[in-house]
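Take a look at the structure set out below.
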Amino acid sequence: MKNIWHGGDYSPEQWLQEPEILEKDLEYMKKAGINTVTMGMFAWSFLEPEEGKFEFSWLKERLDRLYENGIYTIMGTPSGARPKWMSDKYPEVLRVDDTGRRQRFGGRHNHCYTSSVYREKVKQINERLVKEFGSHPGVLLWHLSNEYGGECHCPLCQDAFRKWLEQRYGSIDRLNRSWCTAFWSHGYQSFDQVESPSAIGESMVHGLNLDWKRFVTDQTTDFARWEADSLREAGAGQPVTTNFMYDYQGLNYRKLSKAVDVVSWDTYPLWHKEKEILTARDNGMQHDFMRSLKKKPFLLMESCPSSTNWQGVSKLKKPGLLKLASWQAVAHGSDSVLYFQIRQSPGSSEKFHGAVIDHYGSTDTRVFEEVSQIGEELAILGELSGTGVESKAALIYDVENRWAMEDAQGPRNKGLYYHETCVKVYNAIKKLGFNVDVITMDDSLEDYQLVAAPMLYLYRSGIKEKIEQFVRNGGQLVMTYWSGIVDESDRCFLGGVPHGLREVVGLRSTEIDGLYDWESNYMVPASGEDGDRYECRNLCDLVSLHGAEALMVYENDFYKGYPALTKNHYGNGTAYYVCADAGQDFYDDLFWKVTCEAGIQPLVEGLIPEEVELTSRESDQYEYLFLQNFSQKPVTLEQKLLDCLSEGTVLLGEISDKGEIESYGTVIIRIIKG
Amino acid sequence: MKNIWHGGDYSPEQWLQEPEILEKDLEYMKKAGINTVTMGMFAWSFLEPEEGKFEFSWLKERLDRLYENGIYTIMGTPSGARPKWMSDKYPEVLRVDDTGRRQRFGGRHNHCYTSSVYREKVKQINERLVKEFGSHPGVLLWHLSNEYGGECHCPLCQDAFRKWLEQRYGSIDRLNRSWCTAFWSHGYQSFDQVESPSAIGESMVHGLNLDWKRFVTDQTTDFARWEADSLREAGAGQPVTTNFMYDYQGLNYRKLSKAVDVVSWDTYPLWHKEKEILTARDNGMQHDFMRSLKKKPFLLMESCPSSTNWQGVSKLKKPGLLKLASWQAVAHGSDSVLYFQIRQSPGSSEKFHGAVIDHYGSTDTRVFEEVSQIGEELAILGELSGTGVESKAALIYDVENRWAMEDAQGPRNKGLYYHETCVKVYNAIKKLGFNVDVITMDDSLEDYQLVAAPMLYLYRSGIKEKIEQFVRNGGQLVMTYWSGIVDESDRCFLGGVPHGLREVVGLRSTEIDGLYDWESNYMVPASGEDGDRYECRNLCDLVSLHGAEALMVYENDFYKGYPALTKNHYGNGTAYYVCADAGQDFYDDLFWKVTCEAGIQPLVEGLIPEEVELTSRESDQYEYLFLQNFSQKPVTLEQKLLDCLSEGTVLLGEISDKGEIESYGTVIIRIIKG
Amino acid sequence: MKNIWHGGDYSPEQWLQEPEILEKDLEYMKKAGINTVTMGMFAWSFLEPEEGKFEFSWLKERLDRLYENGIYTIMGTPSGARPKWMSDKYPEVLRVDDTGRRQRFGGRHNHCYTSSVYREKVKQINERLVKEFGSHPGVLLWHLSNEYGGECHCPLCQDAFRKWLEQRYGSIDRLNRSWCTAFWSHGYQSFDQVESPSAIGESMVHGLNLDWKRFVTDQTTDFARWEADSLREAGAGQPVTTNFMYDYQGLNYRKLSKAVDVVSWDTYPLWHKEKEILTARDNGMQHDFMRSLKKKPFLLMESCPSSTNWQGVSKLKKPGLLKLASWQAVAHGSDSVLYFQIRQSPGSSEKFHGAVIDHYGSTDTRVFEEVSQIGEELAILGELSGTGVESKAALIYDVENRWAMEDAQGPRNKGLYYHETCVKVYNAIKKLGFNVDVITMDDSLEDYQLVAAPMLYLYRSGIKEKIEQFVRNGGQLVMTYWSGIVDESDRCFLGGVPHGLREVVGLRSTEIDGLYDWESNYMVPASGEDGDRYECRNLCDLVSLHGAEALMVYENDFYKGYPALTKNHYGNGTAYYVCADAGQDFYDDLFWKVTCEAGIQPLVEGLIPEEVELTSRESDQYEYLFLQNFSQKPVTLEQKLLDCLSEGTVLLGEISDKGEIESYGTVIIRIIKG
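Residue numbers (the UniProt record's numbering), protein chains in the order written: chain A, 1 to 674; chain B, 1 to 674; chain C, 1 to 674.
Structural data, given as structure tokens:
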């Protein structure tokens with residue numbers, strides 16, 4: 001199907017007693033240009049209302065009717081929420097928290113991923129679903145569970161954790177050394193003695209905490225594979241996905257993504273809380289992260305056509321914003337625009353979450369009209385589906401690094417701002433008109449010209465060697481303070497940091513100063529001449545130079561005159577080292593300088609207006625440029641930029657004669673490659 | 001006894017070893033004009049020190065001595081705190097929290113209302129109390145327990161809850177539909193599967209949460225009835241009360257009040273935290289709520305003669321404030337001024353709670369002197385006792401509505417401000433010089449000319465029909481945004497809101513926008529002319545008009561020019577719809593306009609000064625006007641007002657020749673009716 | 001050994017697999033002038049890796065090698081953290097929290113002090129340590145456990161608590177009366193019924209809470225004695241210490257100090273968070289408290305040579321600060337400068353805590369160099385070791401008073417500021433150039449000329465009589481509001497407060513007003529003349545005078561003109577009573593006035609600059625004056641002061657010709673006594 005999927009989550013089971021509503025749904029979906037829905041998620045109690053008693057007819061009927069009307073289905077497995085009878089009969093399927101309390105039935109996702117009872121029940125229902133619907137022409141894709149997350153500390157999981165550790169470390173001595181259990185006499189004599197981290201037990205052994213998080217990822221991934229295998233073994237031929245969440249810390253998505261064929265995710269930005277362009281950058285970075293997981297198009301699985309109900313303030317989207325955000329997803333590599341949800345549920349916890357069809361139940365609503373416009377626009381741009389994104393620049397944003405850094409008590413327990421720093425780096429590069437891959441330490445650096453690796457506290461996956469090679473081979477590297485500190489088990493490197501890259505950056509970090517929230521320092525030119533002056537906060541690294549050149553120095557405190565930004569030539573490349581937590585203005589100027597000096601070309605020449613995002617996708621034949629104006633006012637492009645763009649064909653939107661893009665406007669331009 | 005009760009809680013059991021103190025108490029009480037005390041509350045361990053071993057002689061002696069000295073007794077049942085031996089022997093009397101932890105002995109009120117052991121023990125002690133004191137001439141009233149509250153999740157309560165649900169819904173299918181358990185596969189197959197809400201189980205099914213709260217009210221009410229019945233069946237002829245608390249959310253007092261003959265409550269305003277008049281309004285609204293529960297005089301059961309010990313800051317009452325606040329209670333319908341407490345306890349958690357007689361133990365204190373003055377004044381105004389309050393205006397302030405609204409995740413989880421909005425409405429009407437009934441949806445609207453129903457999110461008790469009739473018959477209705485959203489089970493109405501009243505208000509609410517704390521919009525005249533401009537915050541409803549007229553429109557955002565205040569003629573009445581959360585100034589002007597246009601007359605003509613409260617009580621023969629100056633400065637009344645008042649007789653206080661009421665002054669004027 | 005100990009905690013067990021690092025350590029320690037280390041703490045799992053299997057050789061080797069290199073050892077007992085095998089085999093050694101949850105293995109100090117299993121295991125390991133190392137010439141001192149703290153609510157502890165209560169009260173009636181259990185029917189029939197305070201049980205009976213805290217101190221002290229006895233009985237001849245913490249609320253250190261021979265403590269001030277002199281005062285007050293516990297030199301057991309890792313912000317010490325702070329400890333009576341830690345641990349929770357030797361592992365660091373300088377300076381001033389401190393002034397700062405005051409709900413639950421008030425009093429006296437003893441109610445007042453007893457809420461240890469005698473005999477007393485309120489069981493005194501001292505202060509406190517955070521009042525001269533005006537906040541006591549003279553009165557509120565500061569002559573002395581929570585400026589002026597009027601002479605004549613601290617130690621022959629400049633700028637001494645100092649010999653630092661002390665400079669002057 002060479003088109004962009006448009007639609008979203010659909011829960012007909014909530015309306016089985018109102019068949020007239022189900023019919024209206026079909027009519028309205030067609031009116032809105034909807035071609036895809038997700039069904040089955042959270043429907044277990046309707047699919048198997050009693051243990052072993054299955055009912056698929058209602059779903060079959062819906063699937064058929066949708067298909068007859070040209071609407072395809074993403075079929076969800078129902079493992080995200082169990083029926084009540086299951087936990088009543090098999091309490092082991094319920095999670096146990098870190099203090100040993102067995103949870104009760106309620107909410108969702110509160111099942112033990114290790115429980116063989118739960119696994120068998122899931123396998124059985126998945127197999128039955130394949131048997132019923134696996135060969136139905138309306139089924140496009142299988143969607144595993146929903147937003148996997150959370151953890152369980154039950155005896156089964158404790159046991160699995162111990163086996164996992166045994167496999168990882170081989171001997172208990174190696175574990176003891178890696179975790180440094182000599183501290184506070186915490187040494188283990190055998191793997192049997194290990195317990196999961198607990199607020200009423202062990203909580204400060206960083207290696208334990210870190211490995212527990214890895215185990216949770218691996219156990220969840222194993223569960224997801226179990227689900228996928230149960231589908232495939234039962235004969236399902238369609239690809240498999242599961243939906244990820246915004247900046248989720250609970251799992252290493254890089255690993256979980258290996259269990260599925262396609263990455264999809266749920267985006268719920270807080271539009272209109274700050275300037276739209278800032279929200280767009282933050283959201284765009286997540287799009288790029290999701291795309292970079294498999295370096296291929298992803299699916300926007302959920303987004304809200306109106307306002308959510310679970311944020312602090314449920315702000316309405318201003319007219320045009322939904323369309324703008326939907327196109328942003330496509331611009332960054334999504335092959336779908338899907339909503340949570342088609343029809344608003346009439347009760348329970350998400351009853352006020354926005355929907356294409358709300359409680360009012362008619363189509364004369366602002367939201368329905370904007371959704372319909374999106375449907376129309378997507379329909380004419382099916383050629384974008386499947387096109388790729390090429391990036392010269394990469395940002396390393398690694399969740400295991402974050403786990404370790406934020407768990408360790410160190411230079412600033414009140415806030416290290418890893419995420420914020422990565423966002424500043426990302427923004428700076430995007431503003432210059434580059435696509436950016438947002439990668440992890442597991443990824444190759446080979447294809448990039450520019451790599452930013454902020455706060456690379458923990459090393460894993462040979463990152464040290466990859467970075468060294470990258471610079472030696474001519475790459476431009478930007479590193480920062482608080483890098484190269486610990487090994488994969490969070491054990492400190494001895495002998496000076498950043499470990500193993502001191503020659504690459506040409507310096508050694510000697511001490512790091514934590515600043516109170518109300519304190520700041522400044523970076524000023526090392527030359528002593530007048531020039532840019534950048535505020536820095538939170539963390540100030542004191543370095544001794546061994547080859548690097550100081551470009552900027554500190555203005556104040558006892559380390560006045562110490563280097564604050566350095567540059568080092570290494571091999572054919574260059575390594576910059578940022579010593580302190582500087583602001584957006586600093587990073588903007590830094591990356592402009594770095595790319596100019598190295599001659600790395602952005603997507604187009606010319607200055608991109610502050611509130612416009614430029615992104616591209618490409619096929620073998622074409623490059624598609626997306627210009628999106630996130631301002632509430634029209635924005636004017638400069639002539640140089642207009643000249644560049646004029647060689648292409650405008651597929652969507654328009655640039656006016658005066659060179660303007662309208663408020664919240666998206667312009668897509670197709671350029672013939674090469 | 002045609003007088004106003006003056007006195008308070010008295011705990012002689014704390015002083016049995018110091019008989020000289022007990023004698024001093026009698027002397028001091030008489031000196032202070034005290035005619036009523038409450039005894040027996042929390043005295044169980046003295047009444048039954050060992051299981052089955054009763055000791056009443058100490059209480060008998062106190063009761064006699066007080067009676068001999070002209071002081072009457074409100075006899076408390078001791079169920080508010082158990083003796084230690086009881087929970088040691090019968091752990092089932094202890095509560096279980098929502099996570100399943102059985103509480104230990106301690107505090108107060110931590111007993112299971114369902115436990116038959118506890119009920120039998122309470123019944124037994126109550127019967128014994130009646131046997132001992134039921135025919136004593138000094139006993140005026142029975143006081144059940146103390147400030148009923150809290151909840152228990154023990155197996156007995158779980159079972160009772162399931163039976164309660166079965167009675168309410170008849171079939172599990174009906175429950176499933178009402179609670180929308182289709183969402184997240186939470187459907188029950190039988191009532192046996194239902195568990196109470198729990199932080200480690202089900203917490204987001206709104207219908208469950210709401211019904212649990214209703215069950216808690218019903219179970220508490222049933223317990224209160226059990227107590228009252230045990231007194232009556234043992235032969236007690238006196239009326240029965242129990243004391244309520246300020247704005248208490250844990251129970252539906254409307255239902256609990258059915259178990260008693262007289263409503264009483266405990267008032268502890270934070271005087272001097274903000275302007276006294278604002279505290280007075282807030283407190284006055286609670287007085288009016290308590291009075292409206294039975295539409296007859298209530299009792300002020302507890303108030304603090306000095307400062308409490310449990311608030312964040314224990315501020316002293318400035319001279320005259322205690323008297324002012326005491327008269328405010330009477331003005332709003334109280335037939336008593338009672339304090340917690342006569343003598344300060346020498347130890348434990350409330351040892352620094354203010355008292356008529358403090359640890360110093362003599363009468364030469366500022367507090368004792370003010371209490372004595374109150375005693376003198378009350379003594380000469382016994383005729384007020386039993387007089388009623390007539391209100392033309394009513395405010396619907398419904399706790400079940402609040403439970404539902406604040407539990408649902410919706411347009412603004414950071415704050416909907418239901419209470420604050422009701423207070424603004426109440427203040428606006430009071431300022432104009434009206435008595436106000438503060439009622440629930442269970443009440444009739446028939447006798448009112450003006451009804452305000454802010455944020456009527458949930459419908460129950462035929463409120464929709466009552467409102468429609470009220471307007472049709474000529475009433476003035478003020479509704480607001482976020483009304484008519486859900487039915488009695490918190491299930492959303494379909495087809496447009498405010499459900500069932502769209503014709504009455506002449507519009508449909510289409511969307512509602514949540515504003516961040518730092519955001520605001522403005523209402524401006526729809527005419528486009530210059531005029532009043534009101535800030536609005538938090539929530540902005542977007543409505544489409546179907547008959548109503550827009551009086552004000554929004555000034556900003558994409559809904560600039562959309563209606564912000566509307567008016568609709570319906571039947572013989574008028575319905576106003578307020579679209580956004582506006583400030584006090586808006587409501588002041590609105591109610592002035594509404595009452596003027598409809599010709600509803602306040603208690604007196606003329607402008608009441610900002611810091612003065614005007615209230616009235618009436619007998620068959622007289623109307624009593626209370627003018628209370630809550631300012632620390634004298635306040636001058638305008639001539640028009642003085643003229644109105646001049647026809648009456650001043651019973652207390654004075655209006656000076658210059659037309660002034662003194663600082664913190666209360667003036668009571670008796671006017672012959674008709 | 002007539003020298004000052006220099007060194008710190010050393011954990012060779014973390015490096016047993018890297019012998020080259022252990023050798024480097026020796027080399028570096030000598031280079032840094034280190035003569036003392038603490039070993040063995042937290043090494044249990046290396047000393048007894050399996051139950052009953054002991055390994056001392058590694059420690060023996062370290063001890064020998066250190067001794068050969070001139071470095072002595074403080075030998076720690078390992079009871080601060082158990083090996084995993086112990087709690088696995090004997091769960092009773094694990095603590096139970098107040099809600100009944102048995103803790104799991106993890107962290108440190110989470111063992112039951114009552115458990116006989118744990119006591120036996122500790123005794124056994126301690127005995128073995130003495131057997132191995134008791135006669136080693138390198139062992140200077142035994143160090144019990146580490147930072148004793150915490151509490152256990154297990155059945156063994158409950159039982160011990162009941163026995164403790166029985167011993168204290170003799171009869172349950174006396175306990176009931178003392179705790180005022182008549183309130184809320186909490187009376188006990190027997191000691192068996194008592195349970196420890198619990199968040200899910202009894203938490204508001206102040207007497208219970210207070211006695212529980214006393215029991216915890218006594219049980220901990222008993223455990224410490226058990227440890228000390230096990231060492232002594234096994235033949236250890238060295239003295240015994242244990243390390244205390246900054247302003248620790250969990251224990252009454254006055255009692256715990258009785259179990260050891262020498263007091264030592266761990267100091268981790270937040271340098272550079274506010275002005276250094278303020279941090280120095282706060283820290284100096286703790287030094288003085290530790291010294292006053294035994295009225296003899298103490299040991300600085302831990303301090304951080306760099307930044308800690310567990311504070312909110314890990315700020316680097318600016319150059320010179322470490323030296324300044326180290327000398328401050330000596331100035332206040334320490335015979336050591338010890339760090340946590342010699343070598344930074346490579347992993348686990350404190351891996352980023354500063355150390356003499358950091359992960360880099362060489363000596364060319366700023367920190368190592370400053371430590372080495374300290375080593376040099378200390379080496380030349382060994383004569384200070386063992387010298388005493390004489391104080392004319394004492395501040396009563398009593399933890400049991402604080403427990404009671406802060407547990408009681410009273411005039412200001414949002415903050416009474418006991419600690420802050422004591423700090424203000426301490427600062428005011430120090431600024432004038434006095435040494436100050438910081439004592440408890442258990443101490444004698446006989447040797448002082450000036451005693452400050454702020455907020456003496458609870459009386460114990462005959463304090464009332466001691467104060468009365470002190471003033472009668474000519475002492476200068478400064479008391480404040482909220483004094484003399486309760487007896488030792490937190491039961492209120494009747495008949496007027498401050499109990500028993502109304503004649504001494506010449507007044508009665510009648511009421512106390514709590515102020516909101518945003519409120520203040522002012523003290524102005526009672527004479528009505530112009531003069532000083534001091535802001536007061538939080539609490540305002542209203543007093544009636546019975547002999548005292550009002551020096552200042554309130555400026556505002558209904559108590560305008562009421563006394564705010566009073567003075568009363570009693571016997572040969574004078575008693576001042578401060579009615580309200582005034583600022584530092586008020587206390588500065590008050591103590592200047594009090595000492596001038598009474599002719600109490602400070603250490604030297606002349607005005608001490610604001611940012612300089614003056615302290616003294618003395619031997620039979622000499623007085624040693626310490627002048628420390630806590631400013632980042634040089635400070636100039638006035639001529640009068642220079643004249644006084646000129647008679648002495650400068651032992652360290654210098655006063656320049658211009659009379660300046662350098663930034664962060666310490667000057668030590670030796671004066672021949674009398």
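All residues carry an ideal CB built from backbone N, CA and C; glycine is no exception.
Nearest CB-CB separation between A/Val205 and chain C: below the 7 Å threshold.
A Cβ of chain B is located within less than 7 Å of the beta carbon of A/Pro319. At the C-beta level, A/Asp407 and A/His206 come within 7 Å of one another. Using a Cβ-Cβ cut-off of 8 Å, B/Ala582 is close to nothing in chain A; its nearest Cβ partner there is about 18 Å away.
The Cβ atoms of B/Asn35 and B/Ile71 lie closer than 7 Å to each other. Under the 7 Å criterion on CB atoms, A/Ala404 is classed as non-interfacial with respect to chain B.
Distance check between B/Val604 and each of B/Gly653, B/Ile669, B/Val543 places B/Ile669 closest, using alpha-carbon atoms only. Between the beta-carbon of A/Ser292 and that of A/Asp437 there is about 4 Å, and that keeps the pair under the 8 Å contact cut.
By the neighbour-count definition (other C-beta atoms within 10 Å, threshold 16), A/Lys163 is an exposed residue.
Going by DSSP, A/Glu406 is part of the alpha helix (DSSP H) stretching over 399-407. In this structure, the CA atom of A/Leu456 is about 21 Å from the CA atom of A/Met204.
Annotation for A/Met523: the continuous beta strand (DSSP E) segment containing it runs 521-525. Per DSSP, C/Trp15 is not a residue of any alpha helix (DSSP H), being assigned neither H nor E. Taking 7 Å as the upper bound on Cβ-Cβ separation, chain B lies near residues Asp490, Arg491 of the segment 460-491 of chain C.
When secondary structure is reduced to three states using DSSP, B/Gln124 falls in the helix class.
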